[in-house]
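Asker:
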Amino acid sequence: MERKNPAPGVLCLSIALVTALLLAGCTGPIQGGSPANQVPPGGQNPSAGPKDRLLVATTTSLSDTGLLDYLERIFENNYAIDLQVTSQGTGKAIEIAKRGDCDLLVVHSPAQEEDFMEAGHGINRRCFAYNYFIVAGPADDPAGIRGMEPKEAFRTIIGKGKSGTPGVFFVSRGDNSGTHNAEKNIWNATGYNYTSEVRRSGAWYIEAGRGMGETLQLASEKGAYTLTDEGTFLTYRGRLDLVPLIDKGDILLNIYSVITVYTEDHPVEKITMANNFVNFLISPEIQAAIGEYGREKYGKGLFTPMSGGCLRFGCDCTTPASATRPSLSFT
Amino acid sequence: MNEIFDGFVQAFQLIISLDPEILEITARSLLISLAATGVASLVAIPLGGLIHFREFGGKRGLITIIQTLYALPTVVAGLFVFLILSRAGPLGFLGLLFTPVGMVIGQAVLIIPVLVGMTLVALSGVKKAISDEVQALGATSSQAIWTILKEARFALFGGIILGFGRAISEVGAAMIIGGNIRGSTRVLTTAIALETSMGNVAFSIALGIILLCIAMVVTAALFLIQER
Chain B
40 MERKNPAPGV LCLSIALVTA LLLAGCTGPI QGGSPANQVP PGGQNPSAGP KDRLLVATTT
100 SLSDTGLLDY LERIFENNYA IDLQVTSQGT GKAIEIAKRG DCDLLVVHSP AQEEDFMEAG
160 HGINRRCFAY NYFIVAGPAD DPAGIRGMEP KEAFRTIIGK GKSGTPGVFF VSRGDNSGTH
220 NAEKNIWNAT GYNYTSEVRR SGAWYIEAGR GMGETLQLAS EKGAYTLTDE GTFLTYRGRL
280 DLVPLIDKGD ILLNIYSVIT VYTEDHPVEK ITMANNFVNF LISPEIQAAI GEYGREKYGK
340 GLFTPMSGGC LRFGCDCTTP ASATRPSLSF T
Chain G
17 MNEIFDGFVQ AFQLIISLDP EILEITARSL LISLAATGVA SLVAIPLGGL IHFREFGGKR
77 GLITIIQTLY ALPTVVAGLF VFLILSRAGP LGFLGLLFTP VGMVIGQAVL IIPVLVGMTL
137 VALSGVKKAI SDEVQALGAT SSQAIWTILK EARFALFGGI ILGFGRAISE VGAAMIIGGN
197 IRGSTRVLTT AIALETSMGN VAFSIALGII LLCIAMVVTA ALFLIQER
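Sequences listed follow chains B and G, in order. Throughout, the numbering used here is defined as the position within the first sequence, counted from one, plus 39. Throughout, the numbering used here is defined as the position within the second sequence, counted from one, plus 16.
Below, the structure is given as structure tokens:
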């Protein structure tokens, strides 16, 4: 009331501004993945049109190493596709895939993958690389596990942890990720019931509930033991006060697989595109590239490609991905 | 301490080097949060007006619910919108999950309660005398509402700034709905979370400083508009 003259448009102007910004906002970011991108592409894209998007859900341990970013660039150079990667724990990634919200799954949790496949959510599961989990811990090794066989080491850690040996802690991912599942497997194989005898069994067992990188940092801060995949450990090693203590033993094998996500609503074109990525991952050139990844920086490759030698792991790494729907052979 | 100092140095370097990826992430954060604030304002201010000017049963209860939703955890808002936008959800056919538009919706849902609440506060702050006077002068009800809105504009802008601040600083909904996809849905807060998890502390602090800078610019801009 005190000022009569400012046009009745103080609010008007601001609303116009907000609306303009809103429109700008809507034309800006939508480009990345508007529904228009997701209509069936019909194979041949007009070269000017937006690229089709393919969404990969993956695990933090894989994406923290940067491997997928590296492969994404190569893939996008070969295909007119916008490959997008969202990194989640394996549990979450699988949940997203079950809902049909992503097109590909790249994970490392065999038991969960098998359930996923049996429920008919995925097709063309191919293993493409492996490395080993390692048990890392402080250099002074308060539990004295260096050089032990993995199960024996776990038995020693839980024994000393529960009896309150000073400095003996174990940090778990605690997030139902592939690494967490691998840890549970080792506890169970050691003869402990994970739920009733390991979790909440004392202050020695710390559940981080975070990604691999964060868990390693937590373990480093606490001077604790932890189970980590080799790739992430090598990537973070320079920033950690942790050393690898155990890196041998079949139970530490860590196999990465790719799966094309299938739902009844997924257009065949999309599934075919996803299959292209599966075939890309198992192709000899990319297998070689995976083997080289990180070698320059860390002195050794972060991943060992399957390179066709996956029979001993009981998984498939050679059959071209061609199915566009689950086979009906199993019930 | 060193890391914090490094963060400032790195922030400065990143800003002056105009790193394209940082610029892209910053622009995306700004656009998404401004769009969310715009959408939320267009919904919340009229809604707040409606609640303020109408008398109805349960009004007090409704206001209490709205005020309770100020505390809506960002992760819960994110999860709610995730379930709605997921292909298995009611709006799944739109394909908006893991897109910037989905993030706009999520942030708008998050801040609408705050904006409705602030609108109510703003309108209650207008002196009864003014609204009575306006009506006594024979203004029709839409003119009266307009005049009252003008009177309340300072407080309304305060609400909009608060909403924008909540939108641009939240990470839970952005992470769940956006998925932190490089080149598509990675915004400042999710990038900070990622860089922190990768141990790039100085870089995270740098991004945090950039976020505060753009919040300052937007706030200043809104302040200037309101001063007109």
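For every residue, glycine included, the Cβ atom is placed at its ideal position computed from N, Cα and C.
1. Output yes or no for whether 8 Å exceeds the beta carbon distance between V55 (chain G) and A124 (chain G).
2. Please report the residue range of the beta strand (DSSP E) in which Y231 (chain B) lies.
3. Looking at chain A, which residues of the segment 181 to 205 of chain G have a Cβ within less than 8 Å of any of its Cβ atoms?
4. Indicate the three-state DSSP secondary structure (helix, strand or coil) for R334 (chain B) in the structure shown.
5. Which residue marks the beginning of the beta strand (DSSP E) containing L228 (chain G), and which one marks its end?
6. Residues in the segment 91 to 104 of chain G with C-beta within 8 Å of chain B's C-beta atoms, listed in sequence order?
7. In the DSSP assignment, what residue or residues form a beta bridge with A96 (chain B)?
8. Output needed in chain order: residues of the segment 213 to 242 of chain G with a Cβ under 7 Å from some Cβ in chain B.
9. In chain B, which residues lie less than 7 Å from L113 (chain G) when you measure between Cβ atoms?
10. Alpha carbon to alpha carbon, what distance is there between D286 (chain B) and L273 (chain B)?
11. Which residues bound the alpha helix (DSSP H) around F114 (chain G)?
12. Which residues, in order along the segment 291 to 310 of chain B, keep a beta-carbon less than 8 Å from a beta-carbon of chain G?
13. Counting contacts by CB-CB distance shorter than 8 Å, is S211 (chain B) in contact with chain G?
14. Just to confirm before moving on: does the CB-CB distance between C166 (chain B) and Y295 (chain B) stay below 8 Å?
15. Looking at the C-beta of P365 (chain B), does it have a partner C-beta in chain G at a distance below 8 Å?
16. Of all the residues that make up the segment 240 to 270 of chain B, which are near chain G by a beta-carbon distance shorter than 9 Å?
17. Name the chain G residues whose beta carbon is nearer than 9 Å to that of D286 (chain B)?
18. Going by alpha carbons, who is nearest to T97 (chain B) out of B:E111, B:I120, B:I133, B:F114?
19. Output yes or no for whether 8 Å exceeds the beta carbon distance between K201 (chain B) and I225 (chain B).
20. For D304 (chain B), name the three-state secondary structure that DSSP assigns.
21. What is the DSSP secondary structure of G176 (chain B), counted as helix, strand or coil?
22. So with Cβ pairs under 8 Å, would you call Y337 (chain B) a contact of chain G?
23. In whole angstroms, give me the CA-to-CA distance for I127 (chain G) and I61 (chain G).
24. Counting only runs of 4+ residues fully inside the segment 264 to 332 of chain B, write out the alpha helix (DSSP H) ranges in chain order.
25. Indicate whether F180 (chain G) and Q26 (chain G) have their beta-carbon atoms separated by less than 8 Å.
26. Using the rule of at least 16 other Cβ atoms within 10 Å of the residue's Cβ for burial, across every protein chain shown, is S200 (chain G) buried or exposed?
27. State yes or no: is the beta carbon of S126 (chain B) nearer than 8 Å to at least one beta carbon in chain G?
28. Once you ignore the five residues that flank E152 (chain B) on each side, which residues in its own chain have a CB closer than 7 Å to its CB?
29. Who does C166 (chain B) pair with in a DSSP beta bridge?
30. Give me the residue from B:P177, B:L255, B:E111, B:A221 with the minimum Cα distance to I197 (chain G).
31. Interface residues of chain G around R278 (chain B) at Cβ under 7 Å?
32. Could you check whether the Cβ of Y109 (chain B) sits closer than 8 Å to any Cβ belonging to chain G?
33. Return the residue from the list G:L223, G:L112, G:G64 that minimises the CA-CA distance to E37 (chain G).
34. Here's the rule I'm using: 16 or more other beta-carbon atoms within 10 Å means buried, otherwise exposed. How should Q127 (chain B) be labelled?
35. Can you pull the chain G residues whose beta carbon is under 8 Å from the beta carbon of D103 (chain B), in chain order?
36. Assess, as a yes-or-no matter, whether the segment 112 to 121 of chain B is touched by the segment 168 to 182 of chain B under the definition of 3 or more beta carbon pairs within less than 8 Å.
Answerer: The relevant details are as follows:
1. With respect to the 8 Å criterion, V55 (chain G) and A124 (chain G) are classified as neighbours on the basis of their beta carbons.
2. The continuous stretches of beta strand (DSSP E) do not include Y231 (chain B), and DSSP gives it neither H nor E.
3. Looking at the structure shown, chain A is missing, and the protein chains on hand are B and G.
4. Residue state, collapsed to three classes: helix.
5. Element bounds for L228 (chain G): not the beta strand (DSSP E) but the alpha helix (DSSP H), 217 to 243.
6. Cβ contacts with chain B: S102, R103, A104.
7. Per DSSP, B:T125, B:L144.
8. Those residues of the segment 213 to 242 of chain G that come within reach of chain B (Cβ to Cβ, closer than 7 Å) are S213, M214, G215, I241.
9. What L113 (chain G) touches in chain B: D140.
10. Cα to Cα, L273 (chain B) sits roughly 12 Å from D286 (chain B).
11. If you look at F114 (chain G), you'll find it isn't in any alpha helix (DSSP H); DSSP assigns it neither H nor E.
12. Result list: T302, D304.
13. For S211 (chain B), no CB of chain G lies under 8 Å from its own CB, so it is not counted at the interface with that chain.
14. Contact: yes.
15. Not a single CB atom of chain G sits nearer than 8 Å to the CB of P365 (chain B).
16. Only those residues of the segment 240 to 270 of chain B whose C-beta falls short of 9 Å from the nearest C-beta of chain G are listed: R249, G250, M251, G252, E253, L255, Q256.
17. The contact set of D286 (chain B) on chain G, defined by CB atoms closer than 9 Å, is empty, because the minimum CB distance reaches about 21 Å.
18. Ranking B:E111, B:I120, B:I133, B:F114 by CA distance to the CA of T97 (chain B) puts B:I133 first.
19. Judged by beta-carbon spacing, I225 (chain B) lies beyond the 8 Å limit of K201 (chain B), meaning their Cβ atoms are not closer than that value.
20. Correct three-state label for D304 (chain B): coil.
21. Judged by DSSP in its simplified three-state form, G176 (chain B) adopts strand.
22. Taking Cβ atoms only, chain G never reaches closer than 8 Å to Y337 (chain B), which makes this a no.
23. Across the structure, I127 (chain G) and I61 (chain G) are spaced so that their CA atoms are roughly 12 Å apart.
24. Positions of the alpha helix (DSSP H) runs, each at least 4 residues long and wholly inside the segment 264 to 332 of chain B, are given as 269 to 275, 307 to 321, 323 to 331 in order along the chain.
25. No. Outside cutoff.
26. If you draw a 10 Å sphere on the C-beta of S200 (chain G), you find 16 or more other C-beta atoms in it, and that means buried.
27. With its beta carbon less than 8 Å from one in chain G, S126 (chain B) belongs to the interface.
28. Closer than 7 Å at the Cβ level, and outside the excluded window around E152 (chain B), lie V146, R164, S296, I298.
29. As DSSP reads the structure, C166 (chain B) sits in a beta bridge with B:S296.
30. From the listed residues B:P177, B:L255, B:E111, B:A221, the smallest Cα separation to I197 (chain G) is found for B:E111.
31. Here the neighbours are G215.
32. By this cut-off, Y109 (chain B) is not an interface position.
33. With distances taken between Cα atoms, E37 (chain G) lies closest to G:L223.
34. The residue is buried, with at least 16 neighbouring Cβ atoms inside 10 Å.
35. The contacting residues are S213, M214.
36. The segment 168 to 182 of chain B vs the segment 112 to 121 of chain B: no contact.
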